[in-house]
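For our numbering, add 1494 to where a residue sits in the sequence shown, where the first one is 1. We put the beta carbon where it would ideally sit given N, CA and C, even for glycine. Please read the structure below before turning to the comments.
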Amino acid sequence: MPHFRLKFRGKYSFACVVPALAQAAACCHAGEQQQADPAMLGEVVVTAQKRAEPIGNVPISMTVVDRKDLENSHAATLTEMQQLAPNFSLDQQLGVNTVTVRGVGGGGRNIGFDTRAGVYVDGVYMGQTQALDQSLLDIEQVEILRGPQGSLFGRNTVAGAVNIVTRAPSDKFESAVRAGMGNYSAREGYANVSGPMTDGMQGRLSVGYEARDGFTTNIFDNRNLDDLKRASVRGQIAFQPTDRLALNLSVDHTDIRQDIAFGEAVTGMFDVPLAQPYSGRTVNYNTVPHVNNTLFGLNLTLNYDMAGAALTAITGYRDTHQNLLNDVDWSPNDIFRVDYTDDFRQLSQEIRIASTAKGALRYVAGVYLMHEFADTNRVATVGNDTNTLVQHPLVPSPIPFGALTNLAPGNTVPLWGSVKTDSYALFGSLDYDLAERLTLNLGARYTDERKRLFYNIDGTASGTPPMGTARNYTDSRSDGVLTPTAGLTWAANKSLNLYGKYSTGFKSGGWNFDYQTPTQIAGKIDFNRETVGSYELGLKGATPDRRMSYDLALFYSRFRDLQVFQFADLGGGRTEMQLRNAAKAESEGMEASLRALLTDSFSVGGNIGILRATFDSFPGGLTGGGDAAGKRLPYAPDLTAALTANYRMSAPSLGGWLDFYGEYSHRSKSYSGVDNSETTDIIGSRNVVNARVSLAADRVPLRLSLWGRNLFDSSYTTARGRDFFGNQYVRRGDPRMFGVEGRYSF
């Protein structure tokens, strides 16, 4: 049974949240007959349950970020908008983006390991973490769903789901251009055009480009890293051959080029302290790391209006390519580098039917099929400086690295192979009105998933300690899982809904597709699926005049066989990457948000997430071999919060209107590793302020804006870790960025 203990060591409580929401709910009851003010918050419509419906009717803890929110925050990617949702993060770790919801996430450059939070664009699953760098180009809104979504979204949504909805072609001509520039020689430009093409056919085309110089100095060659070049295009054609049939074809392409500092060295090799630690935003690499991503997508959606129901078919194709180069020794010495090339090709088909007739019974039922082929090619290369003297903890005086490890310049350790996945599912949901205000919510999904592994590693030239060798290693596995959902929704009145539900989900099993020691290869490199059962209680409401909306959710989730990445200490500063099933973990807490239109020209918003995500049992999980029970899950802060304010005023002397927007976000400290070490795992808290000031002209469709992100140049850590040779590193968040932009609409 669920037990909402919410042990937060006395630091945070519901005292400041629940009374305010309860008072708001009471206002709804007391003011039922009040007349609404002409100025009100707009209704938010979402598709979280595979049908369009008001967000207040959806029994899911979720946050919706619309295109105006994205513009105000100057957010071009999911990473840049993460602060707008509680208990949600998406940060870059070693070149790939990792989604974490309610303290549960994980990912990486491992084709045998799936994500825990599925990301979808117009109903099509994006795939692995390498695919999550897509630009938010011409987006209508982003829906962030917290908690397991196993019934309707299916596999690999044990933590939650992100549903990105693009802007549809319009039936009237419209177009806009936007251009800007900023510090670090930033320059960006966007354009879109939409309108009718022929009778019954509309089109939409959007293009975007952004670039900037780097903000991290590489001492070795005085080069600036963390630069960016990103070009995106999206085209859509909507066709309505009959009153009942509608087709939409969408194509998108994104190309990203970046010389990147994956992190600043905290120690030297084998955990030896640096003689002269680097200062902030400074690295010293002889090899310039880079990440180059190419993303392509094709989506065909068919909607057919039947008598009392709607038929939808979504065919999706995604192709993701990533090339990544990393200086593994994190030093100016030419000792070790690894070149990664990953490719993902995915074809999916979903066919569903949803009721449209009014009545006590509403349903969605469908079938889903997906085929994915993922392959990787990695080459670890020994550099020319293997005779460089290094200090090792077990040796009294410095010795050549090559002699220590038995490595010779030019040696390579290749790793290559593939994972094929075939997934089939039947799913459905049912809402039945038991009484005028009481609704039963049921859902279920059965997934049959089959995977095949082809794995090669040649560790003969890997030195000491040696990497393993496996030639044409094959394996297969299958999972058949039923993930049900059940709940009740009670409409207290026209403005307030309360719900309670139990939901489940699963994450596929797989393989540790990484460099492995002979001992690992001789044992098991596979891991089993993980499962979750989650309880959630919530309320969603608004005042009768719709000048304020609010929501609150309490949750408790229990994970079994949680899949955990972990560097195991082999002694002497050496480590090995392990990927295995932990015994049990828990995630419990709450989320609350509020939006209010205080006056016709002044609005505010806020959200808060309180979390306790810990291992319940993990024998052997600690570095010394102890049980990790009670330790926090990686990247699971106790508290996330954000406040926003928007003020609009007339400025006749300037010939228009001024808009002022401010945003403050906070995330408490967390840990990058299972040990929760205050010295090697700590991720400090962060406080970030973003702002925008815009002038909208009265007589022409022109808007000029000044924007800033991280205005107070807060220095904070987004990722921390260590590599095979014991190097410790940290990656910092972006520094202060600011700029000016202009937008003109036709």
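- For residue 1926, the closest of 1935, 1882 and 1812 by C-alpha to C-alpha distance is 1935.
- Contact between the stretch 2116-2129 and the stretch 2083-2100 is absent, with fewer than three C-beta pairs closer than 8 angstroms.
- Under the three-state reduction of DSSP, residue 1646 is assigned to coil, being neither helix nor strand.
- By alpha-carbon distance to residue 1661, the top candidate from 1699, 1571, 2006 and 2237 is 1699.
- Under DSSP, residue 1842 shares a beta bridge with 1810 and 1864.
- The continuous stretches of beta strand (DSSP E) do not include residue 1573, which lies in the alpha helix (DSSP H) extending over residues 1572-1575.
- Short of 6 angstroms from the beta carbon of residue 1694, and not among the five residues preceding or following it, lie these beta carbons of its own chain, in chain order: 1734.
- Non-local beta-carbon contacts of residue 1856 in its own chain, meaning distances under 7 angstroms to residues more than five positions away in sequence, involve 1849 and 1925 in chain order.
- DSSP places residue 1563 in the helix class (H, G or I) of the three-state scheme.
- In the displayed model, residue 1625 falls within a helix according to three-state DSSP.
- Looking only at 1880, 1814 and 1593, the smallest Cα-Cα distance to residue 1827 is reached by 1880.
- Nearest in C-alpha terms to residue 1954, of all of 1945, 2190, 1964 and 2072, is 1964.
- For the pair residue 1929 and residue 1853, the Cα-to-Cα distance works out to about 12 angstroms.
- In this structure, the CA atom of residue 2033 is about 6 angstroms from the CA atom of residue 2045.
- Sorting 1612, 2153 and 1775 by C-alpha distance to the C-alpha of residue 1639 places 1612 at the top.
- Approximately 4 angstroms separates the beta-carbon atoms of residue 1997 and residue 1979; this is inside 8 angstroms, confirming the contact.
- In terms of Cα proximity to residue 1829, the closest of 1778, 1903 and 1806 is 1903.
- Counting along the chain, the unbroken beta strand (DSSP E) around residue 2104 starts and ends at 2096-2111.
- For residue 2136, the enclosing beta strand (DSSP E) covers residues 2133-2145.
- Between residue 1590 and residue 1610, the C-beta gap is not smaller than 9 angstroms, which leaves the two residues out of contact.
- Separation of residue 1838 and residue 1780 (C-alpha to C-alpha, rounded to the nearest whole angstrom) is 30 angstroms.
- Around the C-beta of residue 1716, fewer than 16 other C-beta atoms lie within 10 Å, and the residue is accordingly described as exposed.
- When the beta-carbon positions are compared, residue 1665 and residue 1635 stay at least 9 angstroms from each other.
- Secondary structure of residue 2174 (DSSP, three-state): coil.
- By the neighbour-count definition (other C-beta atoms within 10 Å, threshold 16), residue 1539 is an exposed residue.
- Of the candidates 1602, 1642, 1534 and 2018, the residue whose Cα lies closest to the Cα of residue 1553 is 1642.
- Distances from the alpha-carbon of residue 1605 to those of 1681, 1549 and 1947 put 1947 closest.
- Per the C-alpha coordinates, the member of 1743, 1681, 1685 and 1646 positioned closest to residue 2238 is 1685.
- Using a Cβ-Cβ distance cut-off of 8 angstroms, the stretch 2034-2053 and the stretch 2009-2022 are not in contact, since fewer than three pairs of beta carbons, one from each stretch, lie closer than that value.
- Per DSSP, the continuous beta strand (DSSP E) segment holding residue 1725 begins and ends at 1722-1733.
- A direct Cα-to-Cα measurement between residue 2201 and residue 1703 gives close to 18 angstroms.
- By the Cβ test, the stretch 1909-1919 is in contact with the stretch 1855-1870, since at least three Cβ pairs between them sit closer than 8 angstroms.
- With distances taken between CA atoms, residue 1915 lies nearest to 1944 out of 1944, 1940, 1923 and 1900.
- Per DSSP, reduced to three states, the secondary structure at residue 2221 is coil, with no helix or strand assignment.
- CA-CA distance, residue 1835 to residue 2191, rounds to 49 angstroms.
- Taking each of 1940, 1569 and 1627 in turn and checking the Cα distance to residue 1789, the smallest one comes out for 1627.
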